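Since the structure comes first, as structure tokens, the remarks are kept for the end.
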Amino acid sequence: MHVALIVLILTCFGCANFTKNIGTGELVKNYISATFSPVMPHEPLGPEHGLRFDWQITKLHLDSLVQEGAKWCFPAAVTQAIEKQNRIARELEAGLLLDAANDLLIQRKRLNELDIQMNYVTSEIRCTPPPNQSEFHQHLEIIDQLFHMLNIDNQFAHNSIEINPKYIGQLAQAVNLLRIHKNLELSITGHSDSTGDEKNNHKLAMARANQVKRYLIIFGLEPLRITTKSVGETLPLFEGDSPGVHLTNRRVSIEILSMKKSNTSLFPRGIYERE
Numbered sequence: 140m141h142v143a144l145i146v147l148i149l150t151c152f153g154c155a156n157f158t159k160n161i162g163t164g165e166l167v168k169n170y171i172s173a174t175f176s177p178v179m180p181h182e183p184l185g186p187e188h189g190l191r192f193d194w195q196i197t198k199l200h201l202d203s204l205v206q207e208g209a210k211w212c213f214p215a216a217v218t219q220a221i222e223k224q225n226r227i228a229r230e231l232e233a234g235l236l237l238d239a240a241n242d243l244l245i246q247r248k249r250l251n252e253l254d255i256q257m258n259y260v261t262s263e264i265r266c267t268p269p270p271n272q273s274e275f276h277q278h279l280e281i282i283d284q285l286f287h288m289l290n291i292d293n294q295f296a297h298n299s300i301e302i303n304p305k306y307i308g309q310l311a312q313a314v315n316l317l318r319i320h321k322n323l324e325l326s327i328t329g330h331s332d333s334t335g336d337e338k339n340n341h342k343l344a345m346a347r348a349n350q351v352k353r354y355l356i357i358f359g360l361e362p363l364r365i366t367t368k369s370v371g372e373t374l375p376l377f378e379g380d381s382p383g384v385h386l387t388n389r390r391v392s393i394e395i396l397s398m399k400k401s402n403t404s405l406f407p408r409g410i411y412e413r414e
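So the sequence shown is numbered by my numbering: it starts at 140 and just counts up by one.
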């Protein structure tokens with residue numbers, strides 16, 4: 140009975156396709172198609188089926204936050220949460236179960252934090268669409284562009300804080316955008332691979348985050364618009380011990396936040412993302 144119920148839920152969820160259009164007052168960014176294969180009644184449930192079920196539950200959580208108005212109060216957080224949700228779907232389709240499981244943990248934590256922020260904000264005021272949705276759409280596109288520009292692979296060498304020259308170029312381009320869009324800030328998290336001891340990895344990851352901050356400042360970004368922290372080796376992008384996996388995990392992850400105070404007309408009610 141339980142297996143049949145899970146099969147039914149998975150099949151129904153797999154048919155759902157969450158699409159939003161900015162012209163109708165919704166986000167333009169869509170989820171990718173995630174039509175996972177249904178589980179037949181005679182087939183055993185493997186770990187991939189549980190992860191797909193978790194993906195659907197997480198998607199429903201994100202959908203509910205969007206419907207409550209999170210896309211208007213916290214556009215950067217929602218845009219990046221949808222990016223993460225799409226990444227997990229691609230990992231599941233490719234059979235990268237460890238990677239998907241790790242990203243699901245991160246996604247659930249972020250959505251829980253967003254839930255708390257939404258509860259706090261909506262206790263005071265409502266999250267409503269801005270009057271100028273075309274300008275708001277452009278704002279989301281800038282956030283998406285910066286997110287991809289600042290979170291590329293192959294950023295650091297082993298046991299080093301020296302930045303790959305290609306990534307330095309990406310940082311310079313990002314600063315050019317950020318100097319125009321002064322209502323955006325960056326939160327930089329340093330990471331290390333799993334080689335070495337935990338204490339040194341935490342220090343190394345922090346040094347990487349500060350090194351990226353240093354270059355951003357050199358290129359002209361105000362220091363007050365940048366925060367840094369370290370999680371060491373605890374949140375790898377990929378699981379495994381291959382040189383390629385270690386290379387990808389030696390990185391910073393950067394989130395784009397909207398400033399608390401701004402003169403922009405995008406947020407006429409004064410709702411901003413930075414706590």
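Glycine is no exception: its CB is placed at the ideal position from the N, C-alpha and C atoms. Every value quoted in this text rests on a predicted model; they were computed, and no experiment measured them.
Within the DSSP secondary-structure output, valine 391 pairs in a beta bridge with Gly329. Rounded to the nearest whole angstrom, the C-alpha separation of tyrosine 354 and glutamate 301 is 11 Å. For leucine 244, the secondary structure class from DSSP, reduced to helix, strand or coil, is helix. Fewer than three beta-carbon pairs drawn from the stretch 286–297 and the stretch 247–260 are found closer than 8 Å, and the two stretches are therefore not classed as touching. For the set Ala216, Leu323, Leu343, Ile291, the Cα lying nearest the Cα of glycine 308 is the one of Ile291.
Residue environment analysis places arginine 318 among the exposed positions, since fewer than 16 neighbouring C-beta atoms fall within 10 angstroms of its C-beta.
Going by beta carbons, isoleucine 196 and leucine 285 fall outside the 9 Å limit. Listed in chain order, the alpha helix (DSSP H) runs fully inside the stretch 312–365 are 337–357, counting runs of at least 4 residues. The beta carbons of serine 333 and histidine 385 sit closer together than 9 Å.
Out of Asn225, Gly189, Leu190, Glu187, the CA that lies nearest to the CA of leucine 201 is found in Asn225. Taking every protein chain shown into account, the CB of isoleucine 221 has 16 or more other CB atoms within 10 angstroms, so this residue is buried. In the structure shown, the three-state DSSP call for leucine 204 is helix. Excluding residues up to 5 positions away in sequence, Thr367 lie with their Cβ nearer than 7 Å to the Cβ of asparagine 349 in the same chain.
Of the candidates Glu207, Leu237, Ala215, Leu363, Ala215 places its Cα closest to the Cα of glutamine 277. The DSSP-derived three-state label of leucine 253 is helix.
When rounded, the separation of the alpha-carbon atoms in glutamate 274 and asparagine 241 is 35 Å. About 7 Å separates the beta carbons of threonine 267 and glycine 208, which is inside the 8 Å limit, making them a contact pair. Burial state of glutamine 206 is exposed, judged by a 10 Å Cβ sphere holding fewer than 16 other Cβ atoms. In this structure, the CA atom of lysine 338 is about 23 Å from the CA atom of glycine 383. Around the CB of asparagine 322, 16 or more other CB atoms lie within 10 Å, so the residue is classed as buried. Using a 10 angstroms sphere on the CB of glutamate 361, the tally of other CB atoms stays under 16, which defines it as exposed.
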